[in-house]
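Structure record follows, encoded as structure tokens.
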Amino acid sequence: GTMNRGGGNRQLGRGAESPVFRGGNKGQQQSGMDGSRDNKRAGGGAQMSVGQMNEMARKKGEEERKRREDEEKRKGEEQKRHQEDEERKRREEAKKKQLEWWHEEEKKEVPKGTNGKILMPKPKQSTTFSPVEVHASGGDKKQLEKIATLTYQLQQAKESLAVTTRLCDERKEQLDRAEKNARELRAEARDSRQLSEKHLRELQDIKGKYQALQKESAQTNDELRRKTDQASGSLLMTSSPLA
Numbered sequence: 001g002t003m004n005r006g007g008g009n010r011q012l013g014r015g016a017e018s019p020v021f022r023g024g025n026k027g028q029q030q031s032g033m034d035g036s037r038d039n040k041r042a043g044g045g046a047q048m049s050v051g052q053m054n055e056m057a058r059k060k061g062e063e064e065r066k067r068r069e070d071e072e073k074r075k076g077e078e079q080k081r082h083q084e085d086e087e088r089k090r091r092e093e094a095k096k097k098q099l100e101w102w103h104e105e106e107k108k109e110v111p112k113g114t115n116g117k118i119l120m121p122k123p124k125q126s127t128t129f130s131p132v133e134v135h136a137s138g139g140d141k142k143q144l145e146k147i148a149t150l151t152y153q154l155q156q157a158k159e160s161l162a163v164t165t166r167l168c169d170e171r172k173e174q175l176d177r178a179e180k181n182a183r184e185l186r187a188e189a190r191d192s193r194q195l196s197e198k199h200l201r202e203l204q205d206i207k208g209k210y211q212a213l214q215k216e217s218a219q220t221n222d223e224l225r226r227k228t229d230q231a232s233g234s235l236l237m238t239s240s241p242l243a
């Protein structure tokens, strides 16, 4: 018995690499060897290096990630397809209902005084349509489809017109603002011109006063000179030796 157990423990040296083999008791010896052999068959098992194991784990992770991405992409595409189908069905249903309604209207008796025409009320699903005139004869499906198309085009044109109108309004606001600024600038210019004219008038006034003073001063000087001359003349006469 002892011998066998010893042998078992010796066997541990080879079998310990296998996760299946734990301990060296008699009876487990055989399974340890088998486990080791199985691992070799399975592609290395514990004989793999750490690098190989990491590489394998990395590949597995990549594959899993790619699988998840593909799955999400597929789900997204399915959902998109489903939404598009729903939208198409909804549009077709609306068109069908409109055509049915028009057919029903066609069957009705033409009111007197409408000259063989029925005035169509606005269709239910949109408030931007205008009343459409339809000739109540023949029930021609192509004609009705053409009308449906034209009505849709009219709606598009109206929406486009609304956008253009809004842009025009914005442009007009800008122009109004620019005009207001120009008016203010003109008013400022007028004020400054009036101010300049006022200053000019004041200057001319001052100039006039200055000229008047100069004139007065010249007259005063003349008078003084005359008086001086007279006085000088009188003096000469008095002091003349002929007197």
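Take the sequence shown: its position 216, counted from the start at 1, is 216 in UniProt numbering, and no numbers get skipped.
Heads up, the beta-carbon is just placed ideally off N, CA and C, and yes, glycines get one too.
For residue i, does the three-state DSSP call read helix, strand or coil?
| i | result |
| --- | --- |
| residue 140 | coil |
| residue 239 | coil |
| residue 53 | helix |
| residue 223 | helix |
| residue 168 | helix |
Pop quiz: residue i and residue j are said to be a contact at Cβ under 8 angstroms. What is the actual Cβ separation, rounded to whole angstroms?
| i | j | result |
| --- | --- | --- |
| residue 98 | residue 148 | 6 angstroms |
Do the CB positions of residue i and residue j come within less than 8 angstroms of each other?
| i | j | result |
| --- | --- | --- |
| residue 150 | residue 102 | no |
Considering only residues of the stretch 190-219, which uninterrupted alpha helix (DSSP H) runs meet the minimum length of 4 residues and lie entirely inside it, listed in chain order? Complete alpha helix (DSSP H) runs here, min 4: none at all.
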